[in-house]
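Each residue of the sequence shown is one higher than the one before, counting from 1 in full-length UniProt numbering. Using N, Cα and C, we set each Cβ at its ideal position, and we do this for glycine too. Keep in mind that this is a model prediction, so the values were computed, not measured.
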Amino acid sequence: MKLIGSSTSPYVCKARLVLLEKNIPHVYAIDPPSEPTSQVYSVNPLGRIPALILDDGTCVFDSPVIAEYADTLNDTPILIPRHDALARMRVKRGEALADGIMDSAIVVRMERIRPSEKQEQGNIDMHNLAVTRALVHIADQLGQRKWCEGDNITLADLALVSALAYLDLRQPERDWRGTHPNLAAWFGHLSTRPSVQTSLAG
């Protein structure tokens, strides 16, 4: 199978982390849809990444669907609980919260690259505040635990790593480590994993 993505997309980072954590053989192709020769549009009508092309040509998108599909391919590790509805909800909720951070950070990024006279400061402020509130909530819920949910790594952890790494890339002025030292320690712990090191390297 082949994962199509870009080196800066947090959603691609999340999908790639899932494949790497589960040791699923795949080819990683950097092919951003912003390039006129991108093949993304031929496999995903939305023209968005990540897109996972299976061996039979089927295209899987977007990152939550890729993660759900990939998690069924083997049991090492199980990233989304399968038989405990409440535990599953909590992991998926954690993913949704991290994805929301990515969503808002991308809105801010897109506003900031517009000409200054066309930027909507109210939109920037609203989405920055959403990120701030989400980080406070996550840090409070995490406490000093090793994992976001349960006793092992889950999709919630991989999604949050991707979101925080994207904040480092696009909002380096946001001192989330200083504000939330427990998140900083958690991120440092996760960053030692080979999957995270590979994915964050681009």
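Asked	Found
A201 burial status per 10 Å Cβ neighbour count (16 or more: buried)	exposed
Which listed residue (E173, D55, S6 and L86) has its alpha carbon closest to that of G150	L86
Ordered list of alpha helix (DSSP H) runs contained in the UniProt domain "GST N-terminal" (1-78), each at least 4 residues	10-21, 40-43 and 63-71
Length of the line joining the Cα atoms of D175 and A67	29 Å
Residue nearest to V27 in terms of C-alpha spacing, selected from K2, S199 and V18	K2
Whole-angstrom C-beta distance between I49 and P32, which should lie under 8 Å	7 Å
Where the alpha helix (DSSP H) through N182 begins and ends	P181 to L190
Residues of its chain near A105, where Cβ-Cβ distance is below 7 Å and the 5 sequence neighbours each way are ignored	V131, Y166, L167, R170 and Q171
Burial state of A41 (16 or more Cβ within 10 Å)	For clarity, residue 41 is Tyr in the given sequence; the question names Ala instead. Per the 10 Å Cβ criterion, exposed.
Whole-angstrom distance between L17 and D140, CA atom to CA atom	25 Å
The stretch 87-98 / the stretch 186-195 touching (three or more Cβ pairs under 8 Å)	no
Per-residue DSSP class, three states only, for T132	helix
N-terminal and C-terminal residue of the alpha helix (DSSP H) that R82 is part of	That residue, R82, is in no alpha helix (DSSP H); it is neither H nor E in DSSP.
Any 3 or more C-beta pairs closer than 8 Å across the stretch 65-83 and the stretch 151-160	yes
Cβ pair A51, I124 closer than 8 Å	no
8 Å CB neighbourhood of L54 in its chain, flanking five on each side removed	M1 and V60
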